[in-house]
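Visitor: Pasting a structure here, questions to come.
Number of protein chains: 2
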Amino acid sequence: MVRSIDVSDLVERTRAGDRRAVARLISFVENDAPQLREITAALVPLSGRAHVIGLTGSPGVGKSTSTSALVTGFRARGQRVGVIAVDPSSPFSGGALLGDRVRMQEHSGDDGVFIRSMASRGHLGGLAAATAATLRVLDAAGCDIVLIETVGVGQAEVDIASLADTTLVLLAPGMGDGIQAAKAGILEIADIFVVNKADRDGAEQTTRDLRHMQAHNPRARTAGWRPPIVKTIASRKEGLDRLIEAIDSHQVWMTESGELPRRRCDRAAAEIEAIALSQVSRRFAHLHGDVALATAAENVVAGATDPYSAADRLVAALSG
Amino acid sequence: MVRSIDVSDLVERTRAGDRRAVARLISFVENDAPQLREITAALVPLSGRAHVIGLTGSPGVGKSTSTSALVTGFRARGQRVGVIAVDPSSPFSGGALLGDRVRMQEHSGDDGVFIRSMASRGHLGGLAAATAATLRVLDAAGCDIVLIETVGVGQAEVDIASLADTTLVLLAPGMGDGIQAAKAGILEIADIFVVNKADRDGAEQTTRDLRHMQAHNPRARTAGWRPPIVKTIASRKEGLDRLIEAIDSHQVWMTESGELPRRRCDRAAAEIEAIALSQVSRRFAHLHGDVALATAAENVVAGATDPYSAADRLVAALSG
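Protein chains in written order, with our numbering: chain A, 10 to 329; chain B, 10 to 329.
Written out as structure tokens, the structure reads:
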């Protein structure tokens, strides 16, 4: 049961960094609460200050460890840090397998760190929308930095990476050769490459492969920012200072080049469109019931109609 | 330039297994040709016969090698085989890094094998829709088996996995421990687990981890089908007979349990909804121009409006 809430009070307390208010607001926006619009409208003017850092890479490259090490680094500078650990692992159960308690235990007692794990919900950008909403809460709560950690390199991860001002792509030696790395589609989303577990065999080769791919990727060359390659051993916090320097440099470049407002406008446009499409999707259900879509689907399977004609009827009913 | 085509002639030749017609039809459906609806309407009654097998797993587990080995196995039984290699790697350039020539060279001279590589296009299910359309062409062309190979385990891959009648999840020893495998969200999409590179250290541990996770995952227990774990060394075609047996068993179970028509209706419903939403997305662009969405986005970034109000205006304009 959703209790009635005083949104403006909750937002005011969030703005002041009240941890319980932050947690409660995130729960509301995650669960698509009836007050979501009101909350969002109240948060929009308070947000836009945080530097948003995305971390992505294949399972096993050390994303959680790197995230934790970065938190330590930013905290040492006195910055307030939010972490959103996006776990698209369990699309059908809707629950993250690793809870907040398992992740990042070393920061559990630190009042300047806000950690939230999110699991996948539905499809069509639902996770990206929920992540964007959570990001906005942490931003309004005064986080100087928000780290968004995503597993994998699929389209959902790319959508989430587009939320970030600075995207770190993590690799580790021995996780596949150069072609595999290229297949993973990382070249064009990375602002900074991190070769983690740099003490392992093959770290030099991974770095060379990356340099080679950068040299032969025209898009990377023309973007005005050449993604640096930073080697780290996150478990020992080695290379973290250089990584934070690279992040700072990217932030400066983003601001000076005008890329920051461009990315943020793209982000807002994507969010608006995703919200609009999810409204439309709900309307399909509301106007017709699941039964109507199911009937159309049965007809397609039986060869009696085709999916385009069925889709036409759904869209036509929107205006009806 | 799109040349005018005689759709019914092309479909007729596709039905007869004419390779050039198949390739041409796939190009049309991939490129969202103006004739896409007409082609789809003509193909729907001809399709639904192929057994669709999805293969997914992290980069480096040996998906391409396993796909190739399976093709050999099905060909040895005289079955016609289609392969769709989905490569969501390059979302921004729209081009697959590995072309058809690099993949699966050993089947290049075989008239009973159709191979197509696909790269990511746009977002919001565009790739899944294009994959579904390609699948339908191969199905209508008389393929007994269509293998869909996807990289990674993100939401896009899950959407594509939902196209399959039988989903194989590939793992390899040393690609991360049990928790990492669980994070990858594979338990709930797998109909069959394949532990490839089974001659490597850790294969037994990977198998034990999977069994342990299966035992503790209530959803897997209640589904009526306990996904078998098959060990293979795809590069030497070892274990392939057992894998094909497991695929056959799953097909029999799918038919006898009524799960096959259920999954195919779900697949059709998802396709209808994706087409409808992409029509709506195009309408947003058509009704307002990119400029209008961009203006709304700037207002959100400036804190002057919120994304929900902006989305409301987009959706309201649909009925206008």
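Backbone N, C-alpha and C define an ideal beta-carbon position, used for all residues, glycine too.
Any beta-carbon of chain A closer than 8 Å to the one on B:R112?
Guide: For B:R112, the predicted structure reports a pLDDT of 48, less than 50, and the residue's modelled location is therefore unreliable. The matter cannot be settled from this model.
Visitor: Could you tell me which whole beta strand (DSSP E) segments of length 3 or greater appear in the region 201–267 of chain A?
Guide: 201–204 and 238–240
Visitor: Does B:S290 come within less than 8 Å of chain A when only Cβ atoms are used?
Guide: yes
Visitor: So A:V16 and A:A51 are supposed to be a Cβ contact under 8 Å. How far apart are they, rounded?
Guide: 6 Å
Visitor: Given a threshold of 16 other Cβ atoms within 10 Å of its Cβ, counted over all protein chains shown, does A:E158 qualify as buried or as exposed?
Guide: buried
Visitor: In the DSSP assignment, find the unbroken beta strand (DSSP E) run with B:V61 in it and report its ends.
Guide: H60 to T65
Visitor: A:I284 touches chain B at which residues, Cβ-Cβ below 7 Å?
Guide: P316, Y317 and A320
Visitor: Could you check whether the Cβ of B:V261 sits closer than 8 Å to any Cβ belonging to chain A?
Guide: Contacts with chain A at 8 Å (Cβ-Cβ) do not include B:V261.
Visitor: Am I right that B:G63 and B:T176 are in contact with their C-beta atoms under 8 Å? What's the rounded C-beta distance?
Guide: 4 Å between Cβ atoms; contact.
Visitor: Where in the region 15–60 of chain A do unbroken runs of the alpha helix (DSSP H), each at least 4 residues long, occur, reported from the N-terminal end onward?
Guide: 16–24, 28–39 and 45–52
Visitor: Quick one: residues in its chain with C-beta nearer than 6 Å to the C-beta of B:A137, no 5 flanking neighbours on either side, listed in chain order?
Guide: D168 and I169
Visitor: Under the three-state reduction of DSSP, which class applies to A:C274: helix, strand or coil?
Guide: helix
Visitor: Give a yes or no on whether the C-beta atoms belonging to B:V61 and B:L144 are separated by under 8 Å.
Guide: yes
Visitor: Assess contact between the region 209–221 of chain B and the region 254–267 of chain B, defined as three or more Cβ pairs (one per stretch) separated by less than 8 Å. Is contact present?
Guide: no
Visitor: Closest to B:R28 by C-alpha separation, out of B:R272, B:F123, B:G66 and B:L269, would be which residue?
Guide: B:F123
Visitor: Tell me which residues share the same chain as B:G121 and place their Cβ nearer than 7 Å to its Cβ, disregarding the 5 neighbours each side in the sequence.
Guide: R84, R89 and V90
Visitor: How many Å lie between A:S67 and B:R272 at the Cα?
Guide: 29 Å
Visitor: So for A:E158, helix, strand or coil by DSSP?
Guide: strand
Visitor: Go ahead and label A:N40 buried or exposed: buried means 16 or more other beta carbons lie within 10 angstroms of its beta carbon, across all protein chains shown.
Guide: exposed
Visitor: Kindly say whether A:P43, judged by its beta-carbon, lies nearer than 8 Å to any beta-carbon of chain B.
Guide: For A:P43, the nearest beta carbon of chain B is not closer than 8 Å to its own beta carbon.
Visitor: Whole angstroms is fine: what's the gap from A:V31's alpha carbon to A:A142's?
Guide: 12 Å
Visitor: Beta-carbon of B:F202 versus every beta-carbon of chain A: anything under 8 Å?
Guide: no
Visitor: Which bits of chain A does B:C274 rub up against, with CB to CB less than 8 Å?
Guide: A303, A306, E307 and V310
Visitor: In whole angstroms, give me the CA-to-CA distance for A:A285 and B:L327.
Guide: 11 Å
Visitor: What residues in its chain sit with their C-beta under 6 Å from that of A:D109, if we drop five residues either side in the sequence?
Guide: The predicted model places A:D109 with a pLDDT of 40, which falls under 50 and marks its position as unreliable, so this point remains unresolved.
Visitor: Of all the residues that make up the region 209–221 of chain A, which are near chain B by a beta-carbon distance shorter than 7 Å?
Guide: Of all residues in the region 209–221 of chain A, none has a Cβ within less than 7 Å of some Cβ in chain B.
Visitor: Just mark A:P54 as buried or exposed, buried being the case when its beta carbon has 16 or more other beta carbons within 10 Å.
Guide: The Cβ neighbour count for A:P54, taken over all protein chains shown within 10 Å, is under 16; the residue is labelled exposed.
Visitor: At a CB distance below 7 Å, what residues from the region 28–52 of chain B approach chain A? Give them in sequence order.
Guide: R46, T49 and A50
Visitor: Give me the chain B residues within the contact set of A:G57, using Cβ-Cβ distance strictly less than 8 Å, ordered along the chain.
Guide: For the C-beta of A:G57, the chain B residues within less than 8 Å are, from N- to C-terminus, V310 and G312.
Visitor: How is A:S318 classed by DSSP in three states: helix, strand or coil?
Guide: DSSP places A:S318 within a helical segment (H, G or I) once states are collapsed to three.
Visitor: Listed in chain order, which residues of the region 232–247 of chain A have Cβ atoms closer than 7 Å to some Cβ of chain B?
Guide: none
Visitor: Just how far apart, CA to CA, sit B:A306 and A:A139?
Guide: 18 Å
Visitor: If the cut-off is 8 Å on Cβ atoms, which residues from the region 58–71 of chain B count as contacting chain A, listed in chain order?
Guide: Along the region 58–71 of chain B, the positions whose C-beta sits under 8 Å from a C-beta of chain A are S67, P68 and G69, read in chain order.
Visitor: With DSSP collapsed to three states, give me the class of B:S290.
Guide: helix
Visitor: Under 8 Å, Cβ to Cβ, is there at least one residue of chain A near B:E280?
Guide: yes
Visitor: Roughly how many angstroms lie between the CA atoms of B:R276 and B:L172, to the nearest whole one?
Guide: 6 Å
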